[in-house]
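K.L.:
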Amino acid sequence: MTPLIFDKQLIEKCRSADRKAQRALVAYFSRPMFLHCYRYLKDKSDTEEVVSDGFVKVFQHITDVDYRDKPSFEGWIRRIMINEALGFLRKRKKLMYVDEKEQELIPEQLSVDESLAAEDIYQLILSLPVKYRTVFNMYAIEGYTHQEIAAILEITESTSRSQLARARKMLQELMVKINERYDTGRV
Amino acid sequence: MSVMTPEEFDRIVKNKIEELTSMPDLDYTEDVIWQKVYSKIKMRSFGFPFLWIGIFLMIIVGLVATQLQNNIVRNSYNSKTQSTMQKASITTLKDLSAKTIENDHGIRQSVMQTAVPVMSTIIEPDKEIVSAQPRTTINKRKRLVDQVYDDYIHDSTYAYTLQNDSQSQAHPLPVLIPGHTSELIDKMQPETSHENYLWLSSDRIIIGNRWFKPLSQRLSLGYGLGAAKSFYVSETNTALSMPTLEIPVELRYYLIPREKRFTAFIYTLLNGSFTANTSQLTLITGAKAHYRLWQNSRSAAFLFADFPMYQRQLFPKSNPYQQPLH
Numbered sequence: 006m007t008p009l010i011f012d013k014q015l016i017e018k019c020r021s022a023d024r025k026a027q028r029a030l031v032a033y034f035s036r037p038m039f040l041h042c043y044r045y046l047k048d049k050s051d052t053e054e055v056v057s058d059g060f061v062k063v064f065q066h067i068t069d070v071d072y073r074d075k076p077s078f079e080g081w082i083r084r085i086m087i088n089e090a091l092g093f094l095r096k097r098k099k100l101m102y103v104d105e106k107e108q109e110l111i112p113e114q115l116s117v118d119e120s121l122a123a124e125d126i127y128q129l130i131l132s133l134p135v136k137y138r139t140v141f142n143m144y145a146i147e148g149y150t151h152q153e154i155a156a157i158l159e160i161t162e163s164t165s166r167s168q169l170a171r172a173r174k175m176l177q178e179l180m181v182k183i184n185e186r187y188d189t190g191r192v
Numbered sequence: 672m673s674v675m676t677p678e679e680f681d682r683i684v685k686n687k688i689e690e691l692t693s694m695p696d697l698d699y700t701e702d703v704i705w706q707k708v709y710s711k712i713k714m715r716s717f718g719f720p721f722l723w724i725g726i727f728l729m730i731i732v733g734l735v736a737t738q739l740q741n742n743i744v745r746n747s748y749n750s751k752t753q754s755t756m757q758k759a760s761i762t763t764l765k766d767l768s769a770k771t772i773e774n775d776h777g778i779r780q781s782v783m784q785t786a787v788p789v790m791s792t793i794i795e796p797d798k799e800i801v802s803a804q805p806r807t808t809i810n811k812r813k814r815l816v817d818q819v820y821d822d823y824i825h826d827s828t829y830a831y832t833l834q835n836d837s838q839s840q841a842h843p844l845p846v847l848i849p850g851h852t853s854e855l856i857d858k859m860q861p862e863t864s865h866e867n868y869l870w871l872s873s874d875r876i877i878i879g880n881r882w883f884k885p886l887s888q889r890l891s892l893g894y895g896l897g898a899a900k901s902f903y904v905s906e907t908n909t910a911l912s913m914p915t916l917e918i919p920v921e922l923r924y925y926l927i928p929r930e931k932r933f934t935a936f937i938y939t940l941l942n943g944s945f946t947a948n949t950s951q952l953t954l955i956t957g958a959k960a961h962y963r964l965w966q967n968s969r970s971a972a973f974l975f976a977d978f979p980m981y982q983r984q985l986f987p988k989s990n991p992y993q994q995p996l997h
């Protein structure tokens, strides 16, 4: 069993293409990266492909990155994974947005029941349509700006805003529904 | 639930997502990811040269096999022919001494009967090939057989008809062969898969194992060892079976990526078959479709359909004077 220990030495070994170290790095980061990518792709097989492609890129460029600390290194890997997932969706032509004007935005009245389990919220995000889900993931979870989203997805900023607003609204409605089900004991 | 700003909404959702470390519904293992990563790293490192080395080796094997069939087989056949002719003529002489021969026609009939296993399917009775002198008989016959054999070798249509059609027609149309293949993946060398297979067809059972090494994203080279049992009906309508040792070398090009549940690939298979008395090298090209029934991190089970399109026996060539077994 590969020990799940992450330190600078492991990175150094990965830089020298040590297979055991590479395997340990994959074992350490693959689960969170799988969850991040699955949130975009919603398909296990596609996610495995994307995550493995992402790790190949990580090992290709690991000599170029300056290791400071674990969170920054994990952030770097996560960016690679998200880019891979977005590239995969673009390649499959699942992100064909129609440009929208900003005045068509829906007014937002939002609320969250904080007692909802993380798994439930994850599942609710997965149930959003892929276009809403992508923009919501990028803006709300990954922290991209609308300008960055527009550049990456090749859409206008107003389209990004309206997609985000719709995603929030739909997520809100789903949260209310799941709360109702919890209340009536149907879940 | 209190009304909040969109930013607060996003923050709460983000915090919830960040605290999630696993999803029980997702059947996920690190091993699967590592196997894919490892094979992709290997392919990027070595895939390109391996691809060309693989193609080059297959071409070399094909050329060598073609050369062998033109030289060795011919020599082997000629020596067989000579030996058979000698036996035939000796027997004929015995027959001649035992019988009262009245004319040439009688002699020819006697010789023809003696030489039935080898001669009856090819030598036409109209041709003057037999004389009462044994030595002359051998020489004349040998010349005739050589001539027919040369025609056979050089006349591609005739050669194809005799040599290949009997085998190609074993699968004249794409056929669905039920079978089972299970694939084991070596944890330390996940780029090489180990395949156990059991194939059943109307006249054959094959069991064996093969190792497959991916040469690129789409191309794989396989080699292995198997045992087959072929069933056929003899000329006397007796059901017979023949055990065979098989050494296949296979090159696959995946039309659908091999990771998918349903995959299809075209293949070129060079199969060495060895029985107690004979050995032969057969080239088969065709297409196969795999459907993965089940998989875990170490193994997978498939059902497949085989569509052999072209089959050619490279070495030794079939004896044109013998009837196909079935």
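First to last, the sequence lines map onto chains L and X.
For the first sequence, the numbering used here assigns the number 6 to the initial residue and increments by one for each residue that follows.
For the second sequence, the numbering used here assigns the number 672 to the initial residue and increments by one for each residue that follows.
C-beta atoms are modelled at their ideal positions from N, C-alpha and C, and glycine is treated no differently.
These numbers come from a predicted model, not from an experiment.
Rounding to the nearest angstrom, what Cα-Cα distance links X:PHE978 and X:GLY957 in this structure?
P.N.:
Straight-line Cα distance between these residues: approximately 5 Å.
K.L.:
By Cβ distance, which residues of its chain are closer than 8 Å to L:LEU100, with the 5 residues on each side in sequence left out?
P.N.:
Taken in chain order, the residues that qualify are LEU91, LEU94, VAL135, LYS136, THR139 and LEU158.
K.L.:
Exposed or buried, which one is X:PHE945 when buried takes at least 16 other CB atoms within 10 Å?
P.N.:
It counts as exposed.
K.L.:
Pick helix, strand or coil for X:VAL787, following the three-state DSSP scheme.
P.N.:
Note on X:VAL787: pLDDT 41, under 50, position unreliable in the model; no value is reported.
K.L.:
Which chain X residues sit within Cβ distance under 9 Å of L:TYR43?
P.N.:
The contacting residues are MET694, LEU697 and TYR699.
K.L.:
Is there a Cβ of chain L sitting closer than 9 Å to that of X:TYR992, yes or no?
P.N.:
Its pLDDT being 42, under 50, X:TYR992 is placed unreliably in this model, and the value from its coordinates should be taken loosely. Answer no: the Cβ-Cβ gap between X:TYR992 and chain L never drops below 9 Å.
K.L.:
Measuring CB to CB, does L:GLN27 end up less than 9 Å from X:TYR709?
P.N.:
Yes, they are a contact pair.
K.L.:
Tell me which residues of the stretch 32–64 of chain L have at least one Cβ-Cβ distance to chain X shorter than 8 Å, keeping chain order.
P.N.:
Listed in sequence order: ALA32, SER35, ARG36, PRO37, PHE39, LEU40, TYR43, ARG44, LYS49, SER50, GLU53, GLU54, VAL56, SER57, ASP58, PHE60, VAL61 and PHE64.
K.L.:
Judging by CA-CA distance, which residue of L:ILE87, L:PHE11, L:ILE146 and L:ILE183 is the nearest neighbour of L:ASP58?
P.N.:
When only C-alpha atoms are compared, the closest one is L:ILE87.
K.L.:
So L:LEU115 and L:GLN177 are in contact, right, with Cβ under 8 Å, and what is the actual spacing, rounded?
P.N.:
Confirmed, about 5 Å.
K.L.:
Between which two residues does the alpha helix (DSSP H) holding X:ARG881 run?
P.N.:
No alpha helix (DSSP H) holds X:ARG881; the beta strand (DSSP E) holding it covers 875–885.
K.L.:
How many whole angstroms separate the CB atoms of L:PHE141 and L:ALA122, which I take to be in contact at a CB cut-off of 8 Å?
P.N.:
No, L:PHE141 and L:ALA122 are not in contact; Cβ-Cβ is about 19 Å, not under 8 Å.
K.L.:
Whether or not the stretch 675–691 of chain X and the stretch 20–35 of chain L are in contact is what I'm after, with contact meaning three or more pairs of Cβ atoms, one per stretch, closer than 8 Å; do they touch?
P.N.:
The answer is no - the stretch 675–691 of chain X does not touch the stretch 20–35 of chain L, with fewer than three Cβ pairs under 8 Å.
K.L.:
What first and last residue would you give for the beta strand (DSSP E) that runs through X:LYS900?
P.N.:
Per DSSP, X:LYS900 belongs to the beta strand (DSSP E) from 890–904.
K.L.:
Exposed or buried, what is X:TYR894 when buried is set at 16 or more other beta-carbons lying within 10 Å of its beta-carbon?
P.N.:
Exposed, since its Cβ has fewer than 16 Cβ neighbours within 10 Å.
K.L.:
Can you list, in chain order, the residues of its chain whose CB lies under 6 Å from that of X:LEU940, leaving out five sequence neighbours each side?
P.N.:
Once the five neighbours on either side are set aside, the close Cβ partners of X:LEU940 are PRO919, GLU921 and ILE955.
K.L.:
Output the boundary residues of the beta strand (DSSP E) element that contains X:MET913.
P.N.:
It spans 910–925 - the beta strand (DSSP E) in which X:MET913 sits, taken as one unbroken run.
K.L.:
Rounded to the nearest angstrom, what separates X:ALA898 and X:PRO885 at their Cα positions?
P.N.:
Distance between the alpha carbons of X:ALA898 and X:PRO885 is about 24 Å.
K.L.:
Would you call X:THR909 buried or exposed, if buried means 16 or more other Cβ atoms sit within 10 Å of its Cβ?
P.N.:
So X:THR909 ends up on the exposed side.
K.L.:
Under the three-state reduction of DSSP, which class applies to X:MET694: helix, strand or coil?
P.N.:
Here X:MET694 sits in coil by DSSP.
K.L.:
Taking the straight line between their C-alpha atoms, what separation do you get for X:GLN984 and X:ARG963?
P.N.:
About 32 Å.
K.L.:
Tell me which residues share the same chain as L:LEU194 and place their Cβ nearer than 7 Å to its Cβ, disregarding the 5 neighbours each side in the sequence.
P.N.:
A query on residue 194 of chain L cannot be resolved here, the shown segment of chain L reaching from 6 to 192 and no further.
K.L.:
Helix or strand or just coil, what does DSSP make of L:MET101?
P.N.:
The answer is coil: DSSP assigns L:MET101 none of H, G, I, E or B.
K.L.:
Closest by CA to L:LEU160, which one among L:ALA145, L:TYR102 and L:TYR187?
P.N.:
The question names Leu, but residue 160 of chain L in the sequence shown is Ile. Nearest C-alpha to L:ILE160: L:TYR102.
K.L.:
In angstroms, rounded to a whole number, what distance separates the CA positions of L:GLU119 and X:TRP870?
P.N.:
Cα-Cα distance, rounded: 58 Å.
K.L.:
Please name the residue or residues paired with X:ASN942 in a DSSP beta bridge.
P.N.:
According to DSSP, which records beta bridges pairwise, X:ASN942 is partnered with X:PRO919 and X:THR953.
K.L.:
What first and last residue would you give for the alpha helix (DSSP H) that runs through L:ASN184?
P.N.:
Looking at the DSSP string, the run of the alpha helix (DSSP H) that includes L:ASN184 is 162–189.
K.L.:
Taking the alpha-carbon positions, what's the X:VAL782 to X:GLU906 distance?
P.N.:
Low local confidence applies: a pLDDT of 45 at X:VAL782 is under 50, so the model's placement there is unreliable, with the coordinate-based value given in what follows. Taking the straight line from one Cα to the other gives about 22 Å.
K.L.:
Nearest CA to the CA of L:ALA22: which residue from L:ILE146, L:VAL55, L:VAL61 and L:GLU53?
P.N.:
The shortest Cα separation from L:ALA22 among L:ILE146, L:VAL55, L:VAL61 and L:GLU53 belongs to L:VAL61.
K.L.:
With 16 other CB atoms within 10 Å as the buried threshold, where does X:ASP702 fall?
P.N.:
By the neighbour-count rule (16 or more Cβ atoms within 10 Å), X:ASP702 is buried.
K.L.:
Comparing C-alpha positions only, which one of X:PHE986, X:PHE975, X:GLU917 and X:SER912 sits nearest to X:ASN880?
P.N.:
Ranking X:PHE986, X:PHE975, X:GLU917 and X:SER912 by Cα distance to X:ASN880 puts X:GLU917 first.
K.L.:
Span of the alpha helix (DSSP H) holding L:SER35?
P.N.:
Segment 24–46, the alpha helix (DSSP H) holding L:SER35.
K.L.:
Output the distance between the C-alpha atoms of L:ALA145 and X:GLU866, rounded to the nearest integer angstrom.
P.N.:
Using only the alpha carbons, I get a separation of about 46 Å.
K.L.:
Identify each residue in the stretch 700–712 of chain X for which the Cβ-Cβ distance to at least one residue of chain L is less than 7 Å, and report them in chain order.
P.N.:
Residues GLU701, VAL703, ILE704, TRP705, LYS707, VAL708, LYS711 and ILE712.
K.L.:
What is the rounded straight-line gap between the Cα of L:ALA170 and the Cα of L:SER163?
P.N.:
Rounded to whole angstroms, L:ALA170 to L:SER163 spans 10 Å at the Cα level.
K.L.:
Take L:LYS13 and list the residues in its own chain whose beta-carbon comes closer than 7 Å to its own, dropping the five residues that flank it on each side.
P.N.:
Cβ neighbours of L:LYS13 beyond the five flanking positions: TYR72.
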